[in-house]
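See below for the structure under consideration.
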Amino acid sequence: LVVRGYRQEEGIDFKDSLAPVAKMEAIRIFLAYAAHKSFTVFQMDVKTVFLHGTLKEDVYVCQPKGFIDANHPSHVYKLKKVLYGLKQAPR
């Protein structure tokens, strides 16, 4: 599932949308220290990291087309975890 986050408005639907990123100076210090001590450095990228985040705000979504519950067509769902497309996903 993907959320249409482009419809979210800052200050109404979310407060900020900053992703935690290391500063370049911290990376350089780390690499210099690792080189000085002859440490082996590994890099990895977790492609589904956004799907493991928790939400600070309550986010409700409507039922996706094709998956509407016939008994409750007007129900909305409260998200427990972030989905791709949410402005809150990178936090």
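Going by the UniProt record's numbering, the residue at position 26 of the sequence shown is 26; the numbering climbs one at a time, nothing skipped. Beta carbons are placed, not taken as given, at the ideal position from N, Cα and C, and that holds for glycine.
Judged by DSSP secondary structure, V61 falls within the beta strand (DSSP E) whose first and last residues are 60-62. Its Cα nearest to that of V61, the residue L83 stands out among E25, L83, R28.
Per DSSP, L86 is not a residue of any alpha helix (DSSP H), being assigned neither H nor E. Here Y77 is bridged, per DSSP, to V61.
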